[in-house]
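Reviewing the structure listed below.
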Amino acid sequence: MTLADKSDNIKIFKSEDAFIRYLERLSSSKGYVLVETSPLPKKRVNPDCSSLCLSDPSWRKV
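All residue numbers for the sequence shown refer to my numbering, where the first residue is 121 and numbers rise by one.
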């Protein structure tokens with residue numbers, strides 16, 4: 121199946137809260153929710169953080 125075949129099933133949300141509300145409505149009506157995601161881009165480790173942080177342009181190497 122190609123992306124064009126699945127385009128009717130793709131939903132885009134403007135906020136995380138809108139996404140969560142949609143999932144809650146869907147799960148209450150169907151009893152389950154299947155979410156397909158794509159891999160997130162790799163994050164750089166900020167030396168000031170003990171865990172992974174969002175890449176910050178101020179410390180990105182040029």
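Beta carbons: idealized from backbone N, C-alpha and C, even for Gly.
Beta carbon of residue i nearer than 9 Å to that of residue j
i	j	result
Val-89	Leu-143	Residue 89 is absent from the model: the chain starts at 121 and stops at 182.
Collapsed DSSP secondary structure at residue i in the structure displayed
i	result
Glu-156	coil
Ile-130	coil
Ser-135	coil
Lys-150	helix
Close Cβ partners of residue i (< 7 Å) along its chain, the five nearest in sequence each way excluded
i	result
Phe-139	Phe-133
Spatial neighbours of residue i in its chain, beta-carbon cut-off 8 Å, leaving aside the 5 residues before and after
i	result
Val-155	Leu-143
Ser-147	Val-153
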